[in-house]
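Engineer:
There are 2 protein chains.
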Amino acid sequence: MSEHIVSSYDADLQGLRQRIAEMGGIAEKMLVDSVAALARHDKPLAQAVIASDPRLDVLHREVEENAILTIARRQPLAVDLRETISAIRIVGDVERIGDLAKNIAKRALAIGDDFQPHKIVVGLRHMNDLVMAQLKDVLDAYAQKDTAKALDVWKRDGAIDALYTSLFRELLTYMMEDPRNISFCTHLLFCAKNIERIGDHTTNIAETVHYLVTAETLAIDRPKNDRSIDTTIEAGA
Amino acid sequence: MSEHIVSSYDADLQGLRQRIAEMGGIAEKMLVDSVAALARHDKPLAQAVIASDPRLDVLHREVEENAILTIARRQPLAVDLRETISAIRIVGDVERIGDLAKNIAKRALAIGDDFQPHKIVVGLRHMNDLVMAQLKDVLDAYAQKDTAKALDVWKRDGAIDALYTSLFRELLTYMMEDPRNISFCTHLLFCAKNIERIGDHTTNIAETVHYLVTAETLAIDRPKNDRSIDTTIEAGA
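Residue numbers (the working numbering), protein chains in the order written: chain E, 1 to 237; chain X, 238 to 474.
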């Protein structure tokens, strides 16, 4: 490869990485702000979260198209090809994280000033803190090509699933205690589910980082602790 | 382009299309069977749905990797490049449809033999019939490169969103009537949400077909009728 081609390829990659970093920053902010808007009944903040989603969609399409043009023009091999494939996969996950945060913001607007049990809000915030740390760490792992760090994120996700299951049970109990709780608890249930799914997307990114660095797919099953799906609670129990 | 290269490229595309058709068939079956398993309390059927998901994941990875290798090796331009990009996007959606059907199957196992209100089961089946027709039509539109058919799917999705919103309200009402309904109604709520999201994935595929055929992105906003997110129901109302 001539130096000219190499440097064009590097410039392409640099452009992809910059856009991915920008997307990561937007998604992180959307996630923090959406849960803050929910907990503080802050409607303008919820609206700001919703308003920032289109930028994420635009960047997603740009990265996808530029990565594929890079592959077509430069015919990268081995690690360079994995780099472009990984870019496409990661922006898909980051874009979905933004969608899920936007959905939380919409539910924050719907719930409005309804009373929210303190214990539930604390639980949601705790879940969100864990997921935020996962997202930050996995984006760092990607920037630094640090597969150990990525693997650590991947393993930690079980704790988020476990927390989700306990919040799920808690919410069902509140609903059974008083029918007036059902409507907003349903929204909170979907919010908790969204945060849990954001955690799943961080593990997808961790798998992509592992593939990028090692050229291998993580074969072992990730530890899953989401037992909410098997949960049925008897009324009055 | 030499004839040799052209025919290798065609063989690559043929391989991609075959895998996508197989994936579409698996996803359609998973969707039908998951809702049938739920309605008929059919646990072996639910387990069969869950067992068919790994094949979808394998095919997804294969298409993604082969499409990208095709781009790197053949450097396709214009419609040929769009063809490979579209393959990557579509299998992402089909794989997610399978995941959502698997989740319905898991909830069918969790609900077990709990009583399910007839009206809700009818509603879920009706929603599922509409989504199944969407999925079938959009996969046909892709196979036939029929952008009018794709656009029709894209427009029809509003009806599914509207149906979801009414089911959502219905389920909330059942929960308020009797706390013994809360646990299984919560699972049915997530099932309905999953079907609604499968509908969204069919519209994504419709957008991809439009891009494949016309090289243009659908710019206008899709009619959304999911009002469940703004729905709060007063207990006793």
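Backbone N, C-alpha and C fix where the C-beta goes; we use that ideal spot for every residue, glycine too.
Since the model is a prediction, treat every value here as computed from it, not as a measurement.
1. Classify E433(X) as buried or exposed, calling it buried when 16 or more other Cβ atoms lie within 10 Å of its own Cβ.
2. Start and end of the alpha helix (DSSP H) containing P76(E)?
3. Can you tell me whether DSSP reads T440(X) as helix, strand or coil?
4. In terms of residue numbering, what span does the alpha helix (DSSP H) encompassing S166(E) cover?
5. Exposed or buried, what is G473(X) when buried is set at 16 or more other beta-carbons lying within 10 Å of its beta-carbon?
6. Let me know if S244(X) comes out buried or exposed under the rule of 16 or more other beta-carbons within 10 Å of its beta-carbon.
7. Would I357(X) and L408(X) be called neighbours here (beta carbons separated by less than 8 Å)?
8. Kindly give me the distance between the Cβ atoms of A46(E) and S34(E), rounded to whole angstroms, as I take these residues to be in contact under 8 Å.
9. Compare the C-beta of G98(E) with all C-beta atoms of chain X and state if any pair is closer than 8 Å.
10. Rounded to whole angstroms, what is the Cα-Cα separation between V286(X) and M267(X)?
11. Return no unless some Cβ of chain E is closer than 8 Å to the Cβ of M238(X).
12. Pull up the distance between the alpha-carbon of F184(E) and that of N431(X), whole angstroms please.
13. Is the separation between the beta-carbon of A192(E) and that of L124(E) shorter than 8 Å?
14. Should G24(E) be flagged as near chain X, meaning a C-beta pair shorter than 8 Å?
15. Enumerate in chain order the residues of its own chain whose CB-to-CB distance from G15(E) is below 7 Å, with the five nearest sequence positions on each side excluded.
16. Are the beta-carbon atoms of A309(X) and P76(E) separated by less than 8 Å?
17. Helix, strand or coil, according to DSSP, for D12(E) in the structure here?
18. Let me know the secondary structure DSSP gives R344(X) once reduced to three states.
19. Can you list the residues of chain E that L329(X) reaches, using a CB-CB cut of under 7 Å?
20. Taking the straight line between their C-alpha atoms, what separation do you get for R319(X) and V359(X)?
21. Roughly how many angstroms separate the alpha carbons of I90(E) and E64(E), rounded to a whole number?
22. Rank R298(X), I334(X) and I419(X) by C-alpha distance to the C-alpha of I85(E) and give the top, closest one.
23. Are the C-beta of T423(X) and some C-beta of chain B separated by less than 8 Å?
24. Which bits of chain X does I104(E) rub up against, with CB to CB less than 7 Å?
25. Where I104(E) and M176(E) are concerned, what is the direct C-alpha to C-alpha distance, given to the nearest angstrom?
26. Using the C-alpha atoms, what's the distance from H424(X) back to N418(X)?
27. Can you give me the Cβ contacts of R19(E) inside the same chain, cut-off strictly under 7 Å, excluding the 5 residues immediately before and after it?
28. Determine the contact status of F405(X) and L426(X), defining contact as a CB-CB distance below 8 Å.
29. Just confirm the distance between the C-beta atoms of T384(X) and V450(X), as a whole number of angstroms; I'd bet it's less than 8 Å.
30. Check whether chain E comes within 8 Å of I419(X), counting only Cβ atoms and requiring the distance to be less than that.
31. Report yes or no: is there a C-beta of chain E within less than 8 Å of the C-beta of A309(X)?
32. On the premise that A387(X) lies in contact with V446(X), defined as a C-beta separation below 8 Å, what is that separation, rounded to the nearest angstrom?
33. Less than 8 Å separating the beta-carbons of I442(X) and D317(X)?
34. Taking CB distances under 8 Å as the criterion, tell me whether Q75(E) reaches chain X.
35. Identify the continuous alpha helix (DSSP H) that holds N418(X) and give its terminal residues.
Structural biologist: The structure says:
1. Under a 10 Å Cβ-count criterion, E433(X) is classified as buried, with 16 or more other Cβ atoms of the shown protein chains found around its own Cβ.
2. Premise fails: P76(E) is in no alpha helix (DSSP H) and is neither H nor E.
3. In the structure shown, the three-state DSSP call for T440(X) is helix.
4. S166(E) -> alpha helix (DSSP H) spans T147 to E177.
5. Note that G473(X) has pLDDT 43, beneath the 50 cutoff, so the model's placement of it is unreliable and the number below is only indicative. Flag for G473(X) reads exposed.
6. By the neighbour-count criterion, in which 16 or more other beta carbons inside 10 Å mark a residue as buried, S244(X) falls on the exposed side.
7. In contact: I357(X) and L408(X) (Cβ atoms closer than 8 Å).
8. Their Cβ separation, rounded to whole angstroms, is 7 Å, which keeps A46(E) and S34(E) in contact under 8 Å.
9. So, not an interface residue.
10. Distance between the alpha carbons of V286(X) and M267(X) is about 5 Å.
11. Its pLDDT being 46, under 50, M238(X) is placed unreliably by the model, and the measurement read from it follows with that caveat. No - not a single Cβ of chain E is within 8 Å of the one on M238(X).
12. Taking the CA atoms as reference points, F184(E) sits about 20 Å from N431(X).
13. The answer is yes: Cβ separation under 8 Å.
14. The Cβ of G24(E) sits no closer than 8 Å to any Cβ of chain X.
15. Cβ neighbours of G15(E) beyond the five flanking positions: N66.
16. Contact flag set, yes.
17. Helix.
18. Three-state result, R344(X): helix.
19. With the sequence shown as reference, residue 329(X) is identified as Gly, and Leu is not the correct amino acid for it. Here the neighbours are G92.
20. Each residue's alpha carbon lies about 40 Å from the other.
21. In this model, I90(E) and E64(E) are separated by some 10 Å (Cα to Cα).
22. Nearest option by C-alpha distance: R298(X).
23. No chain B is part of this structure, whose protein chains are labelled E and X.
24. Neighbourhood of I104(E) in chain X, by CB distance below 7 Å: empty, with the nearest CB roughly 10 Å away.
25. A straight line joining the alpha-carbon of I104(E) with that of M176(E) spans about 23 Å.
26. So the alpha carbons of these two residues sit roughly 10 Å apart.
27. If the five residues before and after R19(E) are omitted, its C-beta is found closer than 7 Å to the C-beta atoms of L59, E62 and V63, all from its own chain and listed in chain order.
28. Yes, Cβ-Cβ distance for F405(X) and L426(X) is below 8 Å.
29. Rounded, the Cβ-Cβ distance is 4 Å, consistent with contact.
30. Yes, because at least one Cβ of chain E sits closer than 8 Å to the Cβ of I419(X).
31. Yes, contact with chain E.
32. About 4 Å; that satisfies the 8 Å criterion.
33. Inclusion of I442(X) and D317(X) in the CB contact set at 8 Å is not warranted, their separation being larger than that value.
34. It does; some Cβ of chain X falls within 8 Å.
35. Run containing N418(X): none; DSSP gives neither H nor E here.
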